[in-house]
Structure formats: C-alpha cells, structure tokens
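Comments concern the structure below.
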Amino acid sequence: MTQTTLDAALEYLDRGWSVIPIKNGTKVPPFSWKEFQYRLPTEDEIYKWFDGTDHDIAVVCGSVSNLVVLDTDDQQATDHAKTMGWDRTPYQVKTSKGYHFYFSSDEKIQKGKVKDKTDLQAEGAYVVAPPSANKSLALQVGCDPYDLPKYNGPRVGSEGNVIPFTPTPYDQINLNLIKSKLNAWEDAEIFVEREGRKLRAGDGCHNRIVSWVGHLISLSLDHQTVYDRTLEFWERFMDVPIDDKKILETIKGLLRKEKLEEHFDPKPKPEPMRLDPITTSSIDVLAQTIGEQRFFVDPIIPSNDASLTMIFGYSGHGKSMFTRNMLYAACVGKMNYGPFILSDKPRVLYLDLENGKRNILRFLKQAKATYGDAGDRFMMFAGFQHGDMNLKTDEGVASLQSWINTTRPNIVCIDTVRTAFVGMQENEGKEWSGINQLILALRNSGISVVLVHHANKPQGEGASGSYAGSTNALTNLEFGIKVTQIFDDQDMARTKAGLYAGDIESPMLHKLYHPAALKKGEHMAVKLEVRFVKNREADESLEDLSYVAYATDYDRDTFRCVSTTTSKQKALVWCRPHRDSSGTVVPPLSNDDIARKLNIHSSVIEDWVRPLTSNNVPNKIANLQKN
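Once you know that position 496 of the sequence shown is 582 in our numbering, the rest is easy, because the numbers rise by one and skip nothing.
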C-alpha cells in the first residue's frame, strides 16, 4: 500500500490511470482538469503537483483510464450493491460515507445516478483516491489488484426513473442568463427535471416564490387568483411545508411596491468576488494549466482551450460546404484539411439551420464515403427534424442548452448566424451584443464556437466585401476566415461576385489545375480562396491565403478536399520518413534543414514538430502523401 500521495500518483500512472491534484480537504482541483480527461499526465507533472505539496489526489474515470467507479454514499446503498453483486472487484476504497468499487472498461459509459445514493463515476468524472483524507484501500484477499474485472453493473437509466448527471463543464454554462430569464414556473420545471427532486431549503425557495408572485401580479390577475396559483406552485415544486403566512405576506409586500417589475425576477446575491489578479508570479500556474498546445483544427480550434471563429462568404460560395467538411474530417481524424492540420478528434454539434433532408443526406453520405465514419462525434441539429431554434428567444437558448448537455460537444458550429438569430438586424450593434454574450458563455465553459455567416456583396469594382454587420459585430473573434469561390469563366465570376482564375497570378493556385491533383475518375468540382481576415493568435504557422478545391468521384460518391500546402504541413512531412513527388522514400530532415528550405527560424520548426514525440500523437506522417 502506498504511503505518500506522490507514491500513489506514480503507482496510479503506472496502472494507466489519469490523475489530478485536489486541494487539501476538498474535492476541487487547483486548475482546469479538462485535458486530463483525454491524456495521462507526465511524470514531470506528477512531481510538480505532489512532491512537497499538501495536495490530495483524484483518479480520472472514463476512457482515458479505462476505468469506472461505482460510488455508494451510505451503508444502505453499500449493502444493496453487495446484495446485487455490484461489488465484485478486488479494488475497493472505503470512504467516509460508503465505498468506491473500481472496475475496468474499454467503452465510454455515461456517468450518473443508478440508484438513490449510488452513482456511476465514468466519462467526465473523477473520484478522490487514497491516501487522500477519509479514503482507504480495502483490497480483497487472494485477488490481483491490477486485474480489474470489466464493469457489468447497472447503467444510468437502467433502474426506474433515473435522472442522469449533467455533464461537466456544460452544467456551468447556464445559457438562460444570456437572455431574459424564464418565468419562475418554467425555471422550477427545469430544475426539477434536471435534479430529479423538488426544491429544498438552500435552493432559493424564497426568491422563487417572490419571482412567481411578481410575475402573476404583472399579468393583472386578481388577488385570489394570485394566491391560488402561488399555492399551486408551492405544492408542485417545493419539498417544504406550505407556509400560508409567507405567501400572503409576499403578495401584500409586492402590491405595496410602486415598481413591481424590480421583483418579477429577483437576482440572488452574488458571491463576493475574489480579487486575484494575474501577474508575473502566475506564470508557472498558467503554464501548468495550459500545457502543451494541442489542436482539433490547427491553428484555429485548440483542443486544450477554446476559441471563436467566423467563416463567412457570399451566398452560394461554399462557406457551409467548407466548414461542414472540415469539422467532419476532424471528427474522423484525417491529418490535413486545406490549410489546417487535424490532430485531436473533437465532438462537434453542428446546427444546420438552412438545409433540408436531401442536402444533409447527400452531405453525410459523401462525407462518410470520403473521410470515413465519424459516428456520434459529428452530430447535427436540423430544423426539419427538431423544429426551429431561434437563439434570440428564451426557448431557443434553452433548447441549445439541452442539446449541449446531451451531446457534450467540444465544438458548436452555428450555420448560419442569420438563420439562428431569426429577425436580427445585422447593422444594429445591440443585436450583436446578445450574440457576443452567447458565444463568450460557450467559450468560457470550454466550448469552441464556429459561426458561419453571410458576406455583404462588394460595393464597386475591386471591393472585397466584409461580413454582414461587420461594423457592429463581433470584436472578440480569434479568427475571421473569408471563403470566396473561384470561377474559370470570367462572366460567371463577375455575376456571382467571385474570383476569376485568369486574374490570379499566384503559383499556389496552379496546384489545383495540375493533373496530379486528381485521382482516376475524379473531376474538380469547386475551387475556393480561403483568406484569413482576422487573426488574433498570429504566429508563423498561419498563412493568410490558401486555395482549396473539391475533387468529385461520381461513381464512389466522394468529395475530396484538395489544397495547397502550408509551411507547417510541409515541415510535419519532412521531419519524418516520407515519400517525395516521385514516390521515393526520403529519410527525415533535421530541423535546421527544414528551416533552411522554408526560410523559417529553426526554433519555430522545433515547436512545430515537438508534439509528434512529446504527446504520443499517432504517427500518420509517413503515410500522409499516400492518402
């Protein structure tokens, strides 16, 4: 049995379990632990967290550790688990209230409540582990503690009317705060459905009653009706004895107020703000929480952070096509897409609010045939199946919240802004204020947002056109990307406000016209200019201009992305054994050699290639040119 937290952490890591530090005597990590749901910590990180500190320790459950834990919270729940045979594992941890029963699992299992006082800690959860306070290991005699049985116990939703836990971090978003709040009745309904119980002391019962009474008074209802409906509210939602006196006093009190609207939707007193400014002394902590930069889509969508990106273009120019294919390919795990490098596989919630059944069906069939099966990593919301989602309304925002809680995405794509925020006046600054609040709430919860938006047609010869409402729109975007279609016919280019290929002198474009760009049976269907018009995170890896095309094979129903190659993409090929244009296998080049070929400083090349070895990224580079 391990004697120190450091020893325990190293032992858990040796088992293949992801671990994180916990503030002493609490269940709270000292930093955001999201990335450790997807990777194991390094030994250096283990020593930094636990050597000479008073941190307790937690083990991260789910697929990253191939671990699930059945958590009983009292003796009755423990006895029931043993009666049902749910405790059949040699690795058991005694807690202050019950037990943790550890099992292996090679599948993603939903965390949540499986019975009263019995929880399943799985994907997106962690458990405080020995030798933390009130946690002691109770190994079964004669069993190998390293040979954990596969979990075969109850699942969330398997017993009775079970309410799943709300996934972390999405339960912290509270998107309803972005718009005017729901009335107290609707808010209470959401609470009861989410928690699986009625309101108790500590759940803001007084404020909810005041809010509901104020709402009823605002409807100009007679006093008796206000009283009756308040009584109905209490009986339906509150798990405390009815206080007739409190109801009457609340009604009388609000009637005496001259400005009743101040009480219709009372706000709870905010917690005192902790004043903890970021200074140079924060460098080590920030570096520890950020870690090595990783991406879903390099360089615009990080996997250990969150970003805001707008992709815009003229109507019919392929902006949605470009975005959908990019995010789908990322979910499958393809290496490159246009100017982007696809590293980690995200979960994407794609709100397609413009297309009908036929278009979406064609996209999904082509995407699967082209890139492979993304499964439930790529999830779509479509208006024809689920109804409208107007994010200008409380109902729309609540719907988005529900979809996020259910799908647990890393990326939310809104296609398009105009159809998602029905009736918005794009040139009104106040209209964009609500959008800013919404996407910032998502980003601050760890979800990246990709917005697809229409561009204004250019005004006059040579004008480029910006996105609609740009003078009043989003100032907090990290990236703005304009997609413009390229036409081989000059008149067509002029008619559709596109680019004429004959006017583009860049040699990069010629790659798309080279016979080698096509495979047998393919023809070039659409060609695009992809231009970064905003880049808040500028570095040497990002090139402002790229050309992308789509090669179609009608027989196989594929829609393959063909693109120019960025310097970073070239570096990631050359740093490993690779094939040159003639098909000959070429040994890897040194960082200095790559730097000379690209005319980029060698330290930059070193930063680019480091993740290939430091983060156990699957080696796909050697086959890059074959695919």
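We treat Cβ as the ideally placed atom computed from N, Cα and C, and that holds for glycine.
{"Query": "Can you tell me which of the three DSSP states His609 falls into?", "Result": "strand"}
{"Query": "Gly300 and Ala219 look like a contact to me (Cβ under 8 Å); what is the Cβ gap, rounded to whole Å?", "Result": "With 8 Å as the limit, Gly300 and Ala219 do not qualify as a contact, their Cβ atoms being about 45 Å apart."}
{"Query": "Measuring only the C-alpha atoms, how far is Val154 from Lys168?", "Result": "17 Å"}
{"Query": "What is the DSSP secondary structure of Val498, counted as helix, strand or coil?", "Result": "strand"}
{"Query": "Please classify Asp438: is it buried, with 16 or more other beta-carbons within 10 angstroms of its beta-carbon, or exposed?", "Result": "buried"}
{"Query": "Can you find the residues in the same chain that come closer than 6 Å, C-beta to C-beta, to Ser266, ignoring five residues on each side of it along the sequence?", "Result": "Residue confidence for Ser266 is low, a pLDDT of 38 falling below 50, so the modelled location carries little weight and cannot support an answer."}
{"Query": "Which same chain residues, not among the five before or five after Ser393, have their C-beta less than 6 Å away from its C-beta?", "Result": "Ile387, Ser534 and Glu564"}
{"Query": "Can you tell me which of Asp474, Gln161, Leu428 and Asp142 puts its alpha carbon nearest to the alpha carbon of Pro217?", "Result": "Asp142"}
{"Query": "Just reading off the beta strand (DSSP E) that Asp205 is part of, what are its end residues?", "Result": "Thr204 to Gln207"}
{"Query": "For Phe645, count the other beta carbons within 10 Å of its own beta carbon; 16 or more makes it buried, fewer makes it exposed. Which is it?", "Result": "buried"}
{"Query": "Rounding to the nearest angstrom, what Cα-Cα distance links Val498 and Tyr313 in this structure?", "Result": "43 Å"}
{"Query": "Sorry if obvious, but does the Cβ on Thr505 come closer than 8 Å to a heavy atom of the ligand MG?", "Result": "Because no ligand of any kind appears in the structure shown, any question about the ligand MG cannot be addressed here."}
{"Query": "Looking at C-alpha atoms only, which residue of Lys654, Met407 and Ala657 is the closest neighbour of Lys613?", "Result": "Met407"}
{"Query": "Going by C-alpha distance, which of Ile590, Met594, Ile680 and Ala460 is nearest Val648?", "Result": "Met594"}
{"Query": "Taking the beta carbon of Glu608 as the centre, do at least 16 other beta carbons fall within 10 Å, making it buried, or is it exposed?", "Result": "buried"}
{"Query": "Of all the beta strand (DSSP E) runs that stay within the bounds of the segment 301-325, which reach a length of 3 or more residues?", "Result": "none"}
{"Query": "Between Leu675 and the rest of its own chain, which residues show a CB-CB distance below 7 Å, the 5 nearest in sequence each way excluded?", "Result": "Trp660 and Cys661"}
{"Query": "So the candidates are His309, Ala224, Asp137 and Val326; which of them puts its Cα closest to the Cα of Arg286?", "Result": "Val326"}
{"Query": "Considering only residues of the same chain and omitting the five flanking positions on each side of Lys451, which have a CB-CB separation below 8 Å?", "Result": "Asp643"}
{"Query": "Can at least three beta-carbon pairs, one atom from the segment 468-475 and one from the segment 419-433, be found at a separation below 8 Å?", "Result": "no"}
{"Query": "Whose C-alpha, out of Asp173, Ser182 and Gly184, is nearest the C-alpha of Ser190?", "Result": "Asp173"}
{"Query": "Rounded to whole angstroms, what is the Cα-Cα separation between Asp202 and Ala163?", "Result": "8 Å"}
{"Query": "If you reduce the DSSP assignment to three classes, tell me which class Lys683 lands in.", "Result": "helix"}
{"Query": "Which word fits Arg294, buried or exposed, when buried means at least 16 other C-beta atoms lie within 10 angstroms of its C-beta?", "Result": "buried"}
{"Query": "Could you pull out every residue in the same chain whose Cβ sits closer than 6 Å to the Cβ of Gly458, ignoring the five residues on either side in sequence?", "Result": "Val418"}
{"Query": "Measure the C-alpha to C-alpha separation of Ala579 and Asp639 and round it to an integer number of angstroms.", "Result": "25 Å"}
{"Query": "CB-CB under 7 Å to Gly509, same chain, minus the five flanking residues each way: which ones, in chain order?", "Result": "Lys478"}
{"Query": "From this set, Ile276, Tyr633, Gln379 and Ile446, which residue's C-alpha is nearest Lys597's C-alpha?", "Result": "Tyr633"}
{"Query": "Please identify the residue among Asp160, Lys113 and Trp103 whose C-alpha is closest to the C-alpha of Ile132.", "Result": "Trp103"}
{"Query": "Per DSSP, what kind of secondary structure is Asp459 in: helix, strand or coil?", "Result": "coil"}
{"Query": "To the nearest whole angstrom, what separates the beta carbons of Leu206 and Lys194, a pair I think is in contact under 8 Å?", "Result": "Incorrect: roughly 12 Å between the Cβ atoms, too far for contact."}
{"Query": "When you compare only the Cα positions, how much space is there between Pro107 and Arg380?", "Result": "22 Å"}
{"Query": "Using CA coordinates, which residue listed in Arg529, Arg494 and Ile567 is at the minimum distance from Ala541?", "Result": "Ile567"}
{"Query": "According to DSSP, is Glu224 part of a helix, a strand, or is it coil?", "Result": "Going by the sequence as given, residue 224 is Ala instead of Glu. Here Ala224 sits in coil by DSSP."}
{"Query": "In chain order, what residues of the same chain lie with their CB nearer than 8 Å to the CB of Leu307, ignoring the 5 residues before and after it?", "Result": "Arg315"}
{"Query": "Assuming contact is defined by CB atoms lying nearer than 9 Å, are Arg322 and Ala274 in contact in what I supplied?", "Result": "yes"}
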